[in-house]
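In our numbering, the protein residues as written are 137 to 320.
From the three backbone atoms N, C-alpha and C, an ideal C-beta is built for every residue, glycine too.
Quick caveat, the model's predicted, so the values are computed rather than measured.
One structure below.
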Amino acid sequence: MEWIEWLNLIIGFFIANALGYGGGPASIPLMYREIVTNHAWSTPGEFSNILALGNALPGPIATKIAAFVGYDAGGWIGSLLALAATIVPSAAALILLLKVLQKHRQSPVVKGMTLLVQPVIAIMMLLLTWQMGESSIASIGIIQSLIIAAVAFWAMQIRKIHPAIVIVAAFAYGALVVPHVHWV
């Protein structure tokens, strides 16, 4: 029955990444749906941790998520299959679409397609943010969630601190402070 899980990994990651127009950030809500909602390969909290750690490491986020979840759900073969399902559709589509876009780059249709998909991606990211916020509030409470969100916003937007450093600081806060403070 392990082959069924491998097939689910291929289909799930193929769907999430084939439809994730705009790269990693656009595919993350789709990956969330496949990983957490459709297949229960992780919980919302675990997904948040995978996403946070994946963002702290170098390289594309989608491949790191695929490698980890694939390994967790199906071992080394699952990891390789999830990676292939993540990379192959994007690489093939990139080659084909770039050829078409080069040929028709001045077309109003091509310009309209690329501009009008952006609000959809923004809504997908907003929904994912809402779901992760709910998970955070359920885990550590609204006060700590708001403080961490405000500090992260200040650090990244105002102070221009690299997100990886902010994520590492949040991990440190979570390890050193959260277990000892109980604001709810």
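Under a three-way DSSP split, which group does residue i fall into?
i           : result
residue 176 : coil
residue 296 : coil
residue 193 : coil
residue 155 : coil
residue 277 : coil
residue 314 : helix
residue 320 : Only weak support exists for where residue 320 lies, its pLDDT of 49 falling under 50; the value from the coordinates is given anyway. Three-state DSSP puts residue 320 in coil, outside helix and strand.
residue 140 : helix
Select from the options the residue whose C-alpha is nearest the C-alpha of residue i.
i           : options               : result
residue 200 : 314, 223, 258 and 181 : 223
residue 174 : 204, 141, 185 and 187 : 141
residue 212 : 162, 138, 278 and 314 : 138
residue 314 : 286, 272, 293 and 189 : 272
residue 280 : 194, 317, 165 and 177 : 317
residue 311 : 203, 276, 295 and 196 : 276
residue 182 : 205, 197, 230 and 165 : 205
residue 195 : 214, 161 and 172      : 161
residue 209 : 236, 237, 229 and 179 : 179
residue 220 : 171, 268, 153 and 242 : 153
residue 143 : 176, 214 and 197      : 214
residue 170 : 192, 198, 190 and 188 : 198
residue 306 : 293, 283, 236 and 296 : 283
residue 202 : 168, 254, 303 and 252 : 168
residue 263 : 145, 166 and 149      : 166
residue 177 : 257, 245, 148 and 238 : 148
residue 109 : 156, 248, 309 and 146 : Because residue 109 is not part of the residues shown, which for the chain are 137 to 320, the question remains open.
residue 304 : 228, 151, 239 and 188 : 188
residue 261 : 146, 145, 242 and 163 : 163
residue 246 : 253, 237 and 184      : 237
residue 146 : 207, 233, 241 and 293 : 207
Curious, which full-length beta strand (DSSP E) runs of at least 3 residues does the stretch 196 to 258 contain?
none
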